[in-house]
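In terms of my numbering, the sequence shown has 376 at position 376, counting the first letter as 1, and numbering is strictly consecutive.
Glycine included, every Cβ here is placed at the ideal spot set by N, Cα and C.
None of the values given here were measured: they were computed from a predicted structure.
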Amino acid sequence: MWTSSRNTIFNFLFTLCVVSSFIIIVSSAPAERRAPAPAPVPAPEAAPEAAPEAAPEPIPNPIPAPEPIPSPEAAPEPEPEAEPEPAPEPAPKPAAKPAVNTPKTYSYDVVIYGNTVAALAAAIQTLRMKKTVAIVCPGSTIGGLTASGLGWTDAKDGRSIGGIAREFYSKVYNHYLKAGAWKYETRDNYIGRRIGAQPGPAIDTGKKVQWTFEPKVAEYVWEQWVKDGKILIYRNQQIDRSPKSVTYKGTNIASFKTLDGTTFAGKMFIDAGYEGDLMESAGIPFRTGRESRTDYNEGAAGVYVNSKNTLTNIDPYNKKGNPDSGLISGIQRVIKDPVAVSGEGDPYRLQSYNYRLALTKMPDNKIDFIKPAGYNETDYEILFRYIEGGYKGPFFTSQLMPNLKTDSNAQGQVSTDLIGGNFDDDSNYALDSYAQRAATVKKHKLWTQGFLWTLANHPRIPESIRNAYSAWGLAKDEFVKNGNWPYEMYIREARRMHGAYTMAQSNVQKPVAFEDDSIIGMGSYFLDVHTVERVLVDGKIYDEGWVHITTSRPFPIPLNSIITNSSIATNFLNPVTMSATHIAYSAIRMEPCYMVMGQSAATAAVLAIEQGVSIQDVDRAKLTARLNADKQVLTL
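Following this line, the structure appears as structure tokens:
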């Protein structure tokens with residue numbers, strides 16, 4: 001019995017030991033590794049996500065105009081949670097992985113890329129035709145050059161401006177009817193000065209349009225229009241220009257990506273940027289620079305050294321009279337035989353860029369010109385010698401805007417145009433990377449600030465000129481969030497599409513009807529190419545590429561000049577970097593034209609969606625009828 005009891009006790013003790021050991025082992029094991037719950041994905045950098053093929057209800061941009069409308073980039077900050085009661089310290093867990101900001105996709109009937117007036121007119125028209133639309137804006141401001149200093153409307157015949165473009169100038173007119181719009185002079189005083197603008201009187205009281213305006217007023221008008229119309233804008237969204245950023249389904253563009261990975265899908269796409277970056281990214285053929293004289297039988301095309309455009313009495317060498325000392329800054333190259341190169345094509349050289357400046361002499365609204373960091377006196381040697389040769393001014397234009405301000409453009413052969421500053425031997429601003437473009441913008445700003453300071457302060461400038469130009473300054477109430485400097489450089493020309501039809505010099509100078517195509521608008525400016533480069537010929541400095549040829553009457557612009565061939569892209573329109581030669585584009589590249597073409601591009605795009613056809617096959621008769629109904633001017 002004792003043996004049996006002993007065995008029972010032994011078995012009990014053995015079992016107890018095993019169980020205790022198991023408990024100890026389990027107690028010392030690590031806590032279970034559970035995957036952390038995924039953190040919520042942050043809100044997209046624009047508006048709420050839309051379901052495929054349908055857009056969300058556009059949300060008004062909550063911006064007090066004229067402040068720029070903030071991009072619908074950030075969702076509201078969440079309310080702070082109440083502090084929880086202290087809890088026992090949990091068992092240690094591995095660190096949670098950071099939340100992944102998954103790129104979003106948004107879909108609209110029409111997707112527009114750019115911040116120009118063409119983009120805005122296109123969006124307004126699309127909404128009026130009951131389709132969804134979004135503007136993908138590469139920067140934070142809208143309105144292009146109208147909101148960056150160009151208040152002197154470039155049109156020679158105001159009758160050619162209709163539709164949304166004319167509405168814009170009517171809105172400007174109505175704004176200046178308000179007493180609060182006038183601080184430094186009265187409306188009657190401004191009218192009394194009989195200031196003429198290019199399309200007619202600056203304030204046309206009969207037609208109720210105003211052709212001159214302050215940049216902050218243009219910005220205000222556009223921002224209010226966007227707010228009132230609930231136009232959806234995704235700001236600070238530069239297109240990704242890398243390969244495969246743009247996707248296709250057959251010959252239809254399906255989508256494009258921006259640098260943060262956001263995808264914009266649509267039924268129709270409109271490139272309304274000054275550079276043509278969507279066009280490039282979509283693989284649509286384009287050109288830069290200048291065609292040869294024989295390419296389109298254009299008398300003004302190609303390299304053009306005009307004996308009238310010489311900088312007389314200027315020694316071009318660093319040490320006067322010594323060719324071995326090198327050329328002074330601002331001369332791009334030596335041409336030994338100008339006749340031999342006359343009319344040659346040139347794929348990289350662009351007409352010069354500058355800033356359109358809002359200047360004033362009003363002491364309480366004036367900021368004196370500054371000497372910029374990085375100022376180099378040798379950059380202005382050509383200016384010093386220009387004056388030494390007898391030139392006394394003017395050095396920039398002073399077209400008067402309301403409230404005793406200017407829209408100051410280049411005037412004279414040494415002025416605010418940075419000639420040769422936007423290209424080199426094998427590239428140019430249009431083709432450059434974003435970083436290279438930023439460097440070019442910085443260079444133009446430095447040049448212009450230094451130019452203004454030099455005129456007003458440098459001891460090598462005669463006192464009479466210094467006194468005259470030190471009276472000017474930047475307008476204190478313009479571009480207040482940008483150091484009183486224009487938001488944008490004036491990009492007169494970048495890429496130009498190789499489209500279904502190419503506008504040429506003859507289309508501008510000797511307009512003909514387009515019987516097999518729809519007219520989408522009219523231009524009325526002359527052929528106007530700013531100097532491309534300074535060259536040295538036989539020891540003299542010439543401005544090469546400058547063209548200024550008047551035109552007799554407004555000229556029509558056809559639909560085929562803003563679309564490409566059906567074998568390339570069947571849902572793409574381009575109202576800014578459209579299909580034209582360098583010479584023809586010099587007359588088309590004006591803000592009123594951009595507005596007109598932007599509205600017409602959207603009209604054609606929506607009709608193509610409604611008809612279920614490619615943009616090339618849109619019903620031309622219905623397009624013309626709709627444009628006429630919307631008061632576009634198609635003939636004069």
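According to the DSSP secondary-structure assignment, Pro402 is paired through a beta bridge with no residue. Between the segment 530-538 and the segment 236-253, the count of Cβ pairs shorter than 8 Å is below three; the stretches do not touch. Taking C-alpha positions only, Tyr525 is separated from Trp211 by approximately 15 Å. Per the coordinates, the alpha-carbon of Ala147 lies some 16 Å from the alpha-carbon of Tyr176. Within the DSSP secondary-structure output, Val110 pairs in a beta bridge with Val133, Met268.
Membership of Asn571 in any alpha helix (DSSP H) is not indicated, and neither H nor E is assigned to it by DSSP. Contact check for Met522 against Leu636 passes: the beta carbons are separated by less than 9 Å. The alpha carbon of Ile583 has as its nearest neighbour, out of Gly261, Glu167, Gly302, the alpha carbon of Gly302. With respect to the 9 Å criterion, Ile520 and Leu559 are classified as neighbours on the basis of their beta carbons. Between the alpha carbons of Ser245 and Ile203 lies a gap of roughly 46 Å. The beta-carbon distance between Ser579 and Asp528, rounded to whole angstroms, is 19 Å. This is too long to meet the 8 Å contact definition. Beta-bridge partners assigned by DSSP to Trp152: Thr212. His458: not part of any alpha helix (DSSP H); DSSP gives it neither H nor E. By the Cβ neighbour-count rule, His548 is exposed, with fewer than 16 other Cβ atoms within 10 Å of its own.
Runs of the alpha helix (DSSP H) spanning 4 or more residues and lying entirely within the segment 172-243 occur at 187-192, 215-229, in chain order. A Cβ-Cβ separation of about 6 Å places Ala475 in contact with Leu359 under the 8 Å criterion.
Judged by beta-carbon spacing, Tyr487 lies beyond the 9 Å limit of Thr263, meaning their Cβ atoms are not closer than that value. Cβ contact annotation for Gly143 (same chain, cutoff 6 Å, sequence separation greater than five): Ala218, Glu219, Trp222, in chain order.
DSSP places Thr247 outside any alpha helix (DSSP H); the residue lies instead in the beta strand (DSSP E), whose first and last residues are 246-249.
Within a 10 Å sphere around the beta-carbon of Ala621 sit fewer than 16 other beta-carbons, which makes this residue exposed.
Relative to the Cα of Met503, the nearest Cα in the group Ile461, Glu478, Val480, Ile563 belongs to Ile563. Sequence-distant Cβ neighbours of Tyr248 in its own chain, meaning closer than 7 Å and more than five residues away, are Ala254.
At least 9 Å separates the beta-carbon of Gly420 from that of Ala122. Per DSSP, reduced to three states, the secondary structure at Gly473 is strand. In the three-state scheme derived from DSSP, where H, G and I count as helix and E and B as strand, Ala430 is classed as coil.
By the beta-carbon neighbour count (other beta carbons within 10 angstroms, threshold 16), Asn376 is exposed.
Under DSSP, Asp528 forms a beta bridge with His548. The alpha-carbon of Asn628 is positioned some 19 Å away from that of Ser170. Going by DSSP, Val339 is part of the alpha helix (DSSP H) stretching over 338-341. Going by DSSP, Ile284 is part of no alpha helix (DSSP H) at all; its letter is neither H nor E. The segment 147-156 and the segment 350-367 touch, with no fewer than 3 CB-CB distances between them shorter than 8 Å. Here the C-alpha atom of Asp324 lies approximately 57 Å from the C-alpha atom of Gly192. Annotation: Gln449 to Tyr594 spans about 29 Å, alpha carbon to alpha carbon.
Nearest Cα to Ala602 within the set Lys405, Gln224, Ile270: Ile270. In the DSSP assignment, Thr126 falls within the alpha helix (DSSP H) that extends over 117-128. Per DSSP, the unbroken alpha helix (DSSP H) holding Tyr594 starts and ends at 591-611.
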